[in-house]
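Structure, as structure tokens:
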Amino acid sequence: MSHDADVIVAGAGLAGACAAFVLSAHHNVHVLEAAQPASGASGAAAGLVNPFMGRRARPVWQLHEALDALSELLDEAGAPELFPPQGVLRPVIEDDQESPFREAAAEHPDLASWLSPHEVRARYPDVHTSVGGFFVPRGGAIDVPAMVRTLLAAAADRGATIETEAPVVYWHETPSDAIVEVGRGRRTEELRADRVLLALGQGYGRFPELRRLGLTGVKGQTVRVRRPDSLTGPLVPLSGRGYVVPDGDDALVLGSNYDNNFDDLTPDPQATSYIREKTARMIPDVDETKIIDEQAGVRVKHKHSNLPLLGPMPRRERIWTFTALGSKGLLTAPLFARELQEYLNAPSKIPGAVQPSKE
Ligand SMILES: Cc1cc2nc3c(=O)[nH]c(=O)nc-3n(C[C@H](O)[C@H](O)[C@H](O)COP(=O)(O)OP(=O)(O)OC[C@H]3O[C@@H](n4cnc5c(N)ncnc54)[C@H](O)[C@@H]3O)c2cc1C
Numbered sequence: 011m012s013h014d015a016d017v018i019v020a021g022a023g024l025a026g027a028c029a030a031f032v033l034s035a036h037h038n039v040h041v042l043e044a045a046q047p048a049s050g051a052s053g054a055a056a057g058l059v060n061p062f063m064g065r066r067a068r069p070v071w072q073l074h075e076a077l078d079a080l081s082e083l084l085d086e087a088g089a090p091e092l093f094p095p096q097g098v099l100r101p102v103i104e105d106d107q108e109s110p111f112r113e114a115a116a117e118h119p120d121l122a123s124w125l126s127p128h129e130v131r132a133r134y135p136d137v138h139t140s141v142g143g144f145f146v147p148r149g150g151a152i153d154v155p156a157m158v159r160t161l162l163a164a165a166a167d168r169g170a171t172i173e174t175e176a177p178v179v180y181w182h183e184t185p186s187d188a189i190v191e192v193g194r195g196r197r198t199e200e201l202r203a204d205r206v207l208l209a210l211g212q213g214y215g216r217f218p219e220l221r222r223l224g225l226t227g228v229k230g231q232t233v234r235v236r237r238p239d240s241l242t243g244p245l246v247p248l249s250g251r252g253y254v255v256p257d258g259d260d261a262l263v264l265g266s267n268y269d270n271n272f273d274d275l276t277p278d279p280q281a282t283s284y285i286r287e288k289t290a291r292m293i294p295d296v297d298e299t300k301i302i303d304e305q306a307g308v309r310v311k312h313k314h315s316n317l318p319l320l321g322p323m324p325r326r327e328r329i330w331t332f333t334a335l336g337s338k339g340l341l342t343a344p345l346f347a348r349e350l351q352e353y354l355n356a357p358s359k360i361p362g363a364v365q366p367s368k369e
């Protein structure tokens with residue numbers, strides 16, 4: 011039987027959009043999205059590109075390559091303006107952050123520098139720190155839903171079909187086909203392809219085959235607030251205790267919290283208060299200014315690894331997954347997506363650490 015597409019990509023979040031864009035250069039791609047693009051975690055993300063994460067400013071995996079991959083992908087999609095050169099500032103809020111931040115700056119002089127309190131005040135007078143800050147010029151922030159939409163539009167320009175309100179409800183494979191069932195109202199339709207790439211993000215929970223890969227989810231929330239009138243100086247994306255990302259001239263996106271026990275995905279007022287209080291330690295008055303909106307999503311990660319999963323599902327050849335981007339999708343999705351074409355041709359080249367396996 012003939013194929014409806016070379017590759018079916020299920021899910022149009024960051025993973026699915028990066029994959030669809032890259033693969034559409036070589037293949038006939040069909041994207042099936044259950045709702046609308048970026049309606050999962052990608053719609054809740056603050057969009058911080060911070061290659062030195064956590065309280066100890068640890069570098070992300072392959073940090074140079076990850077930053078290059080992100081810029082190259084946006085250039086190729088004709089949208090470099092989505093990632094303006096701003097940098098990320100990590101102001102020291104608690105004293106125990108000073109020495110790991112200074113050490114990281116000393117270890118990575120090509121990517122980061124240490125700023126004294128005087129230097130922080132001179133550049134960004136509204137940022138509170140009595141100790142100093144760690145500055146990463148190649149970091150910054152991206153509007154993630156805009157990036158997802160841009161990549162899908164660029165994939166469509168290359169001939170990809172992008173379908174929304176088209177949930178994948180079942181999949182299986184034969185020696186010659188990967189087959190998905192797509193929900194179409196009360197009925198389902200079968201679509202066939204050479205490969206299927208499941209990029210379901212926080213939608214993994216409904217499918218035992220995905221759950222068995224050892225995935226887990228952590229709910230998080232971002233809060234968009236009006237920029238306080240008291241802020242008068244220039245501002246860059248900040249990651250100290252929580253994060254603050256400027257959104258246009260009038261708004262700031264504040265994040266985030268980590269909730270391992272959650273029943274639903276509605277934003278939680280207590281989490282909002284917690285986020286506003288902690289970010290007010292970096293920037294004054296963000297706990298007082300008007301809330302514009304709140305978004306919650308689930309960061310999907312592997313229980314024992316900080317790397318994404320990419321490759322054929324266990325005991326499958328044609329059904330692949332690309333998931334577990336954790337809290338740094340912007341620094342993992344482009345990096346792994348750019349290798350996808352090569353991996354499809356030669357699955358043995360997929361690094362063992364990212365290959366999906368049963369728990
Ligand atoms: C609060 C919060 C803040 C974050 N901040 C940042 C940040 O600042 N920087 C950063 O790099 N990362 C951040 N992240 C992480 C980042 O959002 C994720 O790593 C990334 O968005 C995950 O993308 P994804 O495509 O794997 O999943 P998702 O974005 O969840 O996308 C999955 C898509 O699949 C669709 N889908 C689900 N089930 C089906 C189905 N059966 N059939 C078809 N489609 C389906 C969904 O509708 C959805 O559109 C944050 C996450 C959260 C929750």
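Note that the sequence shown covers residues 11 to 369 in this note's numbering. Cβ coordinates follow ideal geometry from the N, Cα and C atoms, glycine included. Every value quoted in this text rests on a predicted model; they were computed, and no experiment measured them.
Under DSSP, the beta-bridge partners assigned to Arg202 are Ile189. Residue pairing from DSSP places Lys229 in a beta bridge opposite Asp269, Val308.
When beta bridges are read from the DSSP output, Ala15 appears opposite Ala203. Beta-bridge analysis with DSSP links Thr282 to no other residue. Listed in chain order, the non-local C-beta contacts of Ala122 below 7 Å within the same chain comprise Phe62, Ala114, Ala115, Phe144, Phe145, Val146, local neighbours out to five positions each way being set aside. With fewer than 16 neighbouring CB atoms inside 10 Å of its own CB, Ser367 falls in the exposed class. For Lys338, the shortest separation between its Cβ and any heavy atom of ligand 1 lies below 6 Å. Judged by their CB atoms, Val17 and Leu33 are nearer to each other than the 7 Å cut-off. Taking 8 Å as the upper bound for CB-CB distance, Val228 and Tyr268 are in contact here, some 5 Å apart.
Not a single heavy atom of ligand 1 lies less than 6 Å from the C-beta of Arg194.
At a Cβ-Cβ threshold of 7 Å, Leu58 and Val246 do not count as neighbours. Annotation for Gly143: the continuous beta strand (DSSP E) segment containing it runs 143-146. Taken from the Cβ of Thr174, every heavy atom of ligand 1 lies 6 Å or farther away. Collapsing the DSSP output to three states places Gly321 in a strand. With 16 or more other Cβ atoms inside 10 Å of its own Cβ, Tyr134 counts as buried. Counting only runs of at least 4 residues, the region 67-128 fully encloses the following alpha helix (DSSP H) elements, listed from N- to C-terminal order: 73-86, 108-117.
In the DSSP assignment, no residue is bridged to Thr299.
For Val41, DSSP records a beta bridge to Val19, Ile172. Excluding its 5 nearest sequence neighbours in each direction, Glu369 has C-beta neighbours in its own chain below 8 Å: Arg222, Leu223, Gly224, Lys313, listed in chain order. Beta-bridge analysis with DSSP links Met63 to Arg68. From the listed residues Gly142, Asn38, Glu175, the smallest Cα separation to Phe111 is found for Gly142.
Scanning Gly252, His36, Glu298 for the CA closest to the CA of Lys288 turns up Gly252. Closer than 6 Å to some heavy atom of ligand 1: that describes the Cβ of Arg309.
DSSP lists no beta-bridge partner residue for His314. The continuous beta strand (DSSP E) containing Asp257 extends over residues 252-257. When secondary structure is reduced to three states using DSSP, Arg197 falls in the strand class. Between Leu319 and Ala334, the gap from beta carbon to beta carbon is short of 7 Å. For Tyr353, no beta strand (DSSP E) segment is defined; the enclosing uninterrupted segment is the alpha helix (DSSP H) at 350-355. One alpha carbon belongs to Asp260, the other to Ala55, and they sit about 19 Å apart.
Exclusion of the five residues before and after Asn38 leaves Ala15, Asp16 as the residues of its chain whose Cβ lies within less than 6 Å of its Cβ.
DSSP lists Glu191 as the bridge partner or partners of Tyr180. The beta carbons of Ala48 and Leu350 sit no closer together than 7 Å.
Ile293 and Val130 do not touch by the CB rule: their CB atoms are close to 12 Å apart, not below 8 Å.
In this structure, Gly230 sits near Arg309, with a CB-CB distance shorter than 7 Å. Of the candidates Leu248, Pro322, Arg286, Gln212, Gln212 places its Cα closest to the Cα of Phe272. For Thr333, the enclosing beta strand (DSSP E) has its first and last residue at 329-333.
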